[in-house]
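Chains as they are written, first to last, in our numbering: chain A, 1 to 308; chain B, 1001 to 1372.
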């Protein structure tokens, strides 16, 4: 492929392409967390679930030679971790935030433990769809080579947005999240709903992990996640528990994450590590800007411990 | 301590015995439940090890030998416990105010970088001055970092758990930037690091041991933190605010400065851990500063139920488990993450055991009161 020199236009293009590439794990983790948080519980352990999902997906894809089986296996482990979190949090006096921290350490520890043999071999990648076929510029083609999971994630965001408003399950989820008492009065068991919501959230987070190990960066190692699971939790708050907002925020975060590599690709190497910190700084600034003392956040589920 | 649980409730006995039992029961719950949780966590880990086809007995035997079995391994354990003591304080102090701060790693890393940066222009100064200024710089850097987390929490209602972890990632990026850029020693080729500190600024070993003075610093810090919380009016105010912020405000307590101050002190301790790593272990600031002490410190603090005095034995225990990691890898061909899995399991069981408090009658002091 010949390289066309497109000069500084490469930067926004690389950021766009990077945003699409980097944002996919954020989309899945944040949609999963949105479901969990809407039910009134918070799972900070998604970071651990993401890492374990990345390892499982990579190992299964390598052993079966099918990346999609890898994604399914990751979903199963993510759901299992989610069920575990939901089950523990059912006990009185157990703090869901602390359990999340423990799960974060436990999930990554377990992933490193079992993932050791899979650091070297290479597993098949997930397929990408070349949406940039119309352009003859290789940079454009590279930027618009979109992974199937990104498209699935976008569809999922719309589906959830619709389902939260218009389905029975969505209503049940919101009632349980807003008031345990109201839910009990309706004959619902809040613990069961939260258990299922956490399981689904875990499964989605694991898909985010599968994307990391099977597409971008596309290999399994112990540094695969750099806090995406955790940033996604902050992102959900920023997105006000709205799936469409989650999708948009994920794109924004992806763009921030792509800033460093994009600048590096045009030869800016000064302060590379500072650009690398851009997503964290952005997350923090957004949290500062959107939080406020003295009042609860608009749209926050009433039972959520983190906004109380 | 468990045998008092099985004894029948006494109705007639001497006042002294009754008072002693009451005193014991009041404290026993906070000791027995975490210890039992520790045992259960280790038992679950045995099952895990057996399931993957290794011998749990061999594992615990090696763990004992690697952590506590010989004078050599005890010294190794104590050296590893030193940063854990300080890192755990970074969790335990804010916890008394009801804050879950988990980003101590960031304060450790920045404390180390600040200490190394200060050491360069000070080269040639008397040893005492150099070490003191390095320590102050490290405490300031760590204190500012975690103090900011506390300020964001109180004045902007930003969740401290998430913000502290984000700040830890930012701190590590900042360290990489400084160590590979402005502060880099050009002579460090393979592993970018800052200039090696003046040998006079090295914190040496405690006489008669191969353990550096950092251990003493850590223990003194834990005792000081305990005195601060239990015996001073600031600690009293912090405990009230941790119990109920509204009540504290009604009482006219300055909750904001209290939160920021406790967080800053907590970060200062973690920063000191970074300074000790630089001065006693590494000799300069480099990527090894982010060795995960901050995260193990979270577990230490929770296991110690956020009590600074209890942190001392727990840190030594976990330092020992940490120290045996290499032996487990060599002898049993287990991955280096084995220790992390064990820690994760213990952590989960400890948190689940929170549900047991107040469920056992034997721990109720009233039961042991003399029915007069």
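Glycine residues also receive a C-beta, built at the ideal position from the N, C-alpha and C atoms.
Whose Cβ in chain A lies nearer than 8 Å to the Cβ of residue i?
i, result
"residue 1295 of chain B", "105"
"residue 1156 of chain B", "288, 291, 292, 293"
"residue 1093 of chain B", "Within chain A, no residue comes near residue 1093 of chain B; the closest Cβ sits about 16 Å away, beyond 8 Å."
If you measure from the beta carbon of residue i to each beta carbon in chain B, is any gap under 8 Å?
i, result
"residue 288 of chain A", "yes"
"residue 112 of chain A", "yes"
"residue 227 of chain A", "yes"
"residue 273 of chain A", "yes"
"residue 79 of chain A", "no"
"residue 233 of chain A", "yes"
"residue 276 of chain A", "yes"
Give me the Cα-Cα distance between residue i and residue j, rounded to the nearest whole angstrom.
i, j, result
"residue 1167 of chain B", "residue 1105 of chain B", "9 Å"
"residue 158 of chain A", "residue 244 of chain A", "6 Å"
"residue 1014 of chain B", "residue 1022 of chain B", "12 Å"
"residue 2 of chain A", "residue 31 of chain A", "For residue 2 of chain A, the pLDDT reaches just 43, beneath the cut-off of 50, and the residue's location in the model is therefore unreliable, although a value from the coordinates is still provided. Going from the Cα of residue 2 of chain A to the Cα of residue 31 of chain A covers about 39 Å."
"residue 1264 of chain B", "residue 1197 of chain B", "26 Å"
"residue 200 of chain A", "residue 163 of chain A", "14 Å"
"residue 1083 of chain B", "residue 1063 of chain B", "20 Å"
"residue 74 of chain A", "residue 109 of chain A", "16 Å"
"residue 1250 of chain B", "residue 151 of chain A", "53 Å"
"residue 279 of chain A", "residue 263 of chain A", "15 Å"
"residue 1002 of chain B", "residue 1025 of chain B", "Bear in mind that a pLDDT of 46 at residue 1002 of chain B, under 50, signals an unreliable position, so the model cannot answer this."
"residue 181 of chain A", "residue 300 of chain A", "17 Å"
"residue 86 of chain A", "residue 38 of chain A", "14 Å"
"residue 1300 of chain B", "residue 136 of chain A", "58 Å"
"residue 1305 of chain B", "residue 1351 of chain B", "10 Å"
"residue 1307 of chain B", "residue 196 of chain A", "36 Å"
"residue 1181 of chain B", "residue 275 of chain A", "14 Å"
"residue 1261 of chain B", "residue 1347 of chain B", "28 Å"
"residue 1092 of chain B", "residue 1102 of chain B", "10 Å"
"residue 52 of chain A", "residue 1107 of chain B", "27 Å"
"residue 1325 of chain B", "residue 1336 of chain B", "6 Å"
Output needed for residue i: all residues of its chain with C-beta closer than 8 Å, excluding positions within five of it in sequence on either side, in chain order.
i, result
"residue 1206 of chain B", "1212, 1213, 1215, 1216"
"residue 228 of chain A", "25, 26, 29, 47, 50, 208, 212"
"residue 1333 of chain B", "none"
"residue 1379 of chain B", "Since the first residue of chain B shown is 1001 and the last is 1372, residue 1379 of chain B is not available in this structure."
"residue 1140 of chain B", "1114, 1268, 1271"
"residue 115 of chain A", "55, 58, 59, 220, 222"
Using a Cβ-Cβ cut-off of 6 Å (strictly less than) and excluding sequence neighbours within five positions of residue i, which residues of its own chain qualify?
i, result
"residue 1077 of chain B", "1067, 1319, 1320, 1323"
"residue 393 of chain A", "Any property of residue 393 of chain A remains undetermined from this structure, which presents chain A solely from 1 to 308."
"residue 1029 of chain B", "1363"
"residue 1372 of chain B", "Residue confidence for residue 1372 of chain B is low, a pLDDT of 46 falling below 50, so the modelled location carries little weight; the figure read from the coordinates is stated next. Closer than 6 Å at the Cβ level, and outside the excluded window around residue 1372 of chain B, lies no residue."
Say whether chain A places a C-beta atom closer than 8 Å to the C-beta of residue i.
i, result
"residue 1029 of chain B", "no"
"residue 1335 of chain B", "yes"
"residue 1345 of chain B", "yes"
"residue 1042 of chain B", "no"
"residue 1105 of chain B", "no"
"residue 1338 of chain B", "yes"
"residue 1180 of chain B", "yes"
"residue 1102 of chain B", "yes"
Which residues of chain B have a Cβ atom closer than 7 Å to the Cβ of residue i, listed in chain order?
i, result
"residue 281 of chain A", "1170"
"residue 299 of chain A", "Chain B residues near residue 299 of chain A: none, gap ~15 Å exceeds 7 Å."
I want to verify the contact list: residues of chain A whose CB lies under 9 Å from the CB of residue i, in sequence order.
i, result
"residue 1366 of chain B", "Per Cβ cutoff of 9 Å: no residues; residue 1366 of chain B is ~20 Å from chain A at best."
"residue 1302 of chain B", "98, 101, 102"
"residue 1077 of chain B", "Per Cβ cutoff of 9 Å: no residues; residue 1077 of chain B is ~20 Å from chain A at best."
"residue 1167 of chain B", "280, 284"
Indicate whether at least one CB of chain C lies closer than 8 Å to the CB of residue i.
i, result
"residue 88 of chain A", "No chain C appears in the structure shown, which is made up of the protein chains A and B."
Identify, in the order they occur along the chain, each residue of the same chain with its Cβ nearer than 7 Å to the Cβ of residue i, setting aside the five sequence neighbours on each side.
i, result
"residue 1130 of chain B", "1119, 1122, 1198, 1200, 1201"
"residue 1203 of chain B", "1131, 1212, 1213, 1214, 1276, 1279, 1280"
"residue 172 of chain A", "188, 193"
Residues of chain A with a CB under 7 Å from the CB of residue i: which are they?
i, result
"residue 1355 of chain B", "91, 92, 93, 94"
"residue 1248 of chain B", "Per Cβ cutoff of 7 Å: no residues; residue 1248 of chain B is ~15 Å from chain A at best."
"residue 1163 of chain B", "284, 287"
"residue 1321 of chain B", "Chain A residues near residue 1321 of chain B: none, gap ~13 Å exceeds 7 Å."
"residue 1177 of chain B", "271, 273, 274"
Kindly examine the ligand GDP and report whether one of its heavy atoms sits closer than 7 Å to the Cβ of residue i.
i, result
"residue 74 of chain A", "Ligands are entirely absent from the displayed structure, and the ligand GDP is therefore not among its contents."
Along chain B, in chain order, which residues have C-beta atoms closer than 9 Å to that of residue i?
i, result
"residue 328 of chain A", "Look at the range of chain A in this structure, 1 to 308, and you will see that residue 328 of chain A is not part of it."
*Quick one: complete alpha helix (DSSP H) runs, 4+ long, within the stretch 1065-1120 of chain B?*
The stretch 1065-1120 of chain B contains these whole alpha helix (DSSP H) runs: 1071-1095.
_alpha helix (DSSP H) runs wholly inside the stretch 1277-1329 of chain B, at least 4 long, in chain order_ = Counting only runs of 4 or more, we get 1293-1303, 1308-1323.
*Entirely within the stretch 1178-1239 of chain B and at least 4 residues each: give me those alpha helix (DSSP H) ranges in chain order.*
When DSSP assignments are scanned along the stretch 1178-1239 of chain B, the uninterrupted stretches of alpha helix (DSSP H) that are 4 or more residues long and fall wholly within it turn out to be 1214-1231.
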